[in-house]
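Take a look at the structure below.
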Amino acid sequence: MSSFARPRAIQPGDDYSSFDCGELTLDEWVRTRALKNEKTGASRTFVSIEAASGRVAGYYCLSASSLGHEEATSSLRRNMPSPIPVILIGRLAVDAEFRGLGLGVSLLQDAILKGIEASRIVGARALVVHAISASAEQFYLKFGFTLVPDSARVMFVTVADAEATIASLLA
């Protein structure tokens, strides 16, 4: 049975050379963009390392973002400026070898916790994801994310709802 380290910031020596989640764009991004984005401040990537192999088993990234009022539901835009400040949970992925072990859920929980923390510092109304597939969409729906109407799988959960969801999961 595999065990995974708690997610931490990506580092130059991390082994993600064989990372394969089944989505080429996610595989290539972690290999070619994660460290560059870290260096420029475009996003922060967090990785979980599989204990036995030392390989990156999964990752996600966070960045500041925004949604225009035209992209948001009425409840999301209520009393908010345009654009609406949000925290983007980007590119959450688990290596196919480690699927079904709860790592995706752990990564999402960590991302939500860090997103909530970031919102307390910089101010954000919601956490946003761009679900890459129908199965990813179903995954996020289980954790309280809502589809933005007329969008290509853009989903959100308000920070208040995320706090309540996390509290119930950790209770």
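Each residue of the sequence shown is one higher than the one before, counting from 1 in full-length UniProt numbering.
Every residue gets a Cβ at the ideal spot worked out from N, C-alpha and C, and that includes glycine.
These numbers were taken from a predicted model, which means no experiment stands behind them.
Span of the alpha helix (DSSP H), counted from its first residue to its last, around T45: Residue numbering aside, residue 45 sits at position 45 when the sequence shown is read from its first letter. Run containing T45: none in the alpha helix (DSSP H); it sits in the beta strand (DSSP E), R44 to I49.
According to the Cβ coordinates, are I89 and L113 closer than 8 Å?
Taking the first residue of the sequence shown as position 1, residue 89 is located at position 89. Taking the first residue of the sequence shown as position 1, residue 113 is located at position 113. In this structure, I89 keeps its C-beta atom at 8 Å or more from the C-beta atom of L113.
In whole angstroms, what separates the C-alpha of R6 from that of L76?
Here residue 6 refers to the residue found at position 6 when the sequence shown is read from its first residue. Here residue 76 refers to the residue found at position 76 when the sequence shown is read from its first residue. Near 31 Å, if we compare the C-alpha coordinates of L76 and R6.
Q. When the Cα atoms are used, what is the spatial distance from M80 to V128?
A. Within the sequence shown, residue 80 is the residue found at index 80, counting from 1. Within the sequence shown, residue 128 is the residue found at index 128, counting from 1. Rounded to whole angstroms, M80 to V128 spans 16 Å at the Cα level.
Worksheet item: Would the beta-carbon of I49 fall within 8 Å of that of A34?
Response: Position 49 of the sequence shown, counted from the first residue, corresponds to residue 49. Position 34 of the sequence shown, counted from the first residue, corresponds to residue 34. Taking 8 Å as the Cβ cut-off, I49 and A34 do not qualify as a contacting pair.
### Sufficient close CB pairs (3 or more, under 8 Å) joining the stretch 89 to 107 to the stretch 52 to 61
These segments touch.
Practice prompt. Helix, strand or coil for L170, going by three-state DSSP, please let me know.
Written response: By one-based count along the sequence shown, residue 170 stands at place 170. It is helical.
Inset, instruction - Say whether the stretch 155 to 163 touches the stretch 119 to 128, bearing in mind that this needs 3 or more beta-carbon pairs closer than 8 Å, one atom from each stretch. - result: Between the stretch 155 to 163 and the stretch 119 to 128 there are three or more C-beta pairs closer than 8 Å, enough to call the two in contact.
- Status (buried if at least 16 other CB within 10 Å, exposed otherwise) for E70: As a first step, residue 70 must be located in the sequence shown, where it is residue number 70. E70 sits exposed, since fewer than 16 C-beta atoms from the chains shown fall within 10 Å of its C-beta.
ask   = Going by C-alpha distance, which of V56, S2 and K39 is nearest S18?
value = Here the question's residue 18 lines up with position 18 in the sequence shown. Comparing Cα positions, the closest option is V56.
**Request:** State the beta-bridge partners of A64 as determined by DSSP.
**Result:** As a working note, residue 64 is residue 64 in the sequence shown. Paired residues: I87.
Chain-order list of residues whose beta-carbon lies under 8 Å from that of E38 (same chain, five-residue window excluded):
Taking the first residue of the sequence shown as 1, we reach residue 38 at position 38. Only A9, I10, R44 and T45 meet the Cβ criterion.
Check: Cα separation between Y140 and C21?
Finding: By one-based count along the sequence shown, residue 140 stands at place 140. By one-based count along the sequence shown, residue 21 stands at place 21. Y140 and C21 have their alpha carbons spaced roughly 17 Å apart.
Task: For A134 and E28, the rounded distance between their alpha carbons - done: The residue given as residue 28 occupies position 28 in the sequence shown. The residue given as residue 134 occupies position 134 in the sequence shown. Roughly 21 Å separates the two Cα atoms.
* To do: Measure from the alpha carbon of P149 to the alpha carbon of each residue in F98, A167, D15 and S74, then state which is nearest.
  => As a first step, residue 149 is located in the sequence shown; it is residue number 149 there, counting from the start. For P149, the nearest C-alpha among the options comes from S74.
Among the residues of its own chain, which have a CB less than 8 Å from the CB of F98, if the five just before and after it don't count? Here residue 98 is taken as the residue at index 98 of the sequence shown, counted from 1. Cβ neighbours of F98 beyond the five flanking positions: S2, F4, E50, A57 and G58.
TODO: Pull up the distance between the alpha-carbon of Q138 and that of S168, whole angstroms please.
DONE: What you label residue 138 is simply residue 138 of the sequence shown in a count that begins at 1. What you label residue 168 is simply residue 168 of the sequence shown in a count that begins at 1. C-alpha separation (whole angstroms): 20 Å.
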